[in-house]
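Numbering (the working numbering), first residue to last: 606 to 776.
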């Protein structure tokens with residue numbers, strides 16, 4: 606009985622500590638990147654790092670365990686009303702593939718900004734490489750790897766992500 610009580614107290618302390626840590630981390634993101642109050646970090650384990658700029662629109666969110674890496678002199682722009690699911694990766698820098706990785710002292714990287722338009726829906730487990738522009742009202746299906754720009758109103762998916770069709774809208 607006493608052992609269960611101790612385990613329960615320890616578990617509650619752990620959960621409380623985790624909530625406080627998450628809240629403080631996200632508050633730091635709001636301050637560092639001057640995010641609007643309506644932008645939400647939806648869940649735990651979200652990582653935003655780098656010396657670049659994050660610009661986020663109104664009423665957008667990013668889901669649990671997502672990562673946004675922003676290289677110095679680059680930015681990630683997230684438009685208004687965007688829905689970014691969990692475990693999404695957005696990067697502004699990567700190693701150039703056309704090089705000899707044995708030559709560690711002279712590795713070349715590619716750094717480019719990422720722009721996500723308004724009303725974009727990005728499914729779970731999507732990977733977005735540097736330099737990508739996603740048009741307004743686009744959908745990126747779950748488990749996709751975005752290696753080229755996505756036009757407005759496109760429904761895309763796959764590895765690499767390709768346009769499946771365009772939305773049929775009355776707008």
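Even for Gly, the Cβ is constructed at its ideal location relative to N, Cα and C. As the structure is a computational prediction, the values presented were derived from the model and not from experiment.
Two segments are said to touch when three or more pairs of C-beta atoms, one from each, lie closer than 8 Å; by this definition the stretch 639-646 does not touch the stretch 609-616. Contact annotation: the stretch 715-733 touches the stretch 742-762, with at least three C-beta pairs closer than 8 Å.
By the Cβ rule, the stretch 750-769 does not count as touching the stretch 707-714, because fewer than three pairs are nearer than 8 Å. DSSP lists 666 as the bridge partner or partners of residue 645.
In the three-state reduction of the DSSP assignment, residue 660 falls in the strand class. By the 16-neighbour rule on beta-carbons within 10 angstroms, residue 663 is exposed. Around the beta-carbon of residue 769, fewer than 16 other beta-carbon atoms lie within 10 Å, marking it exposed.
Distance from the Cα of residue 625 is smallest, within the candidate group 606, 686, 650, for 650.
Pairwise C-beta distances place the stretch 682-689 in contact with the stretch 720-728, as three or more of them are shorter than 8 Å. Under DSSP, the beta-bridge partners assigned to residue 727 are 689, 745.
With a threshold of 16 other beta carbon atoms within 10 Å, residue 771 falls short and is exposed.
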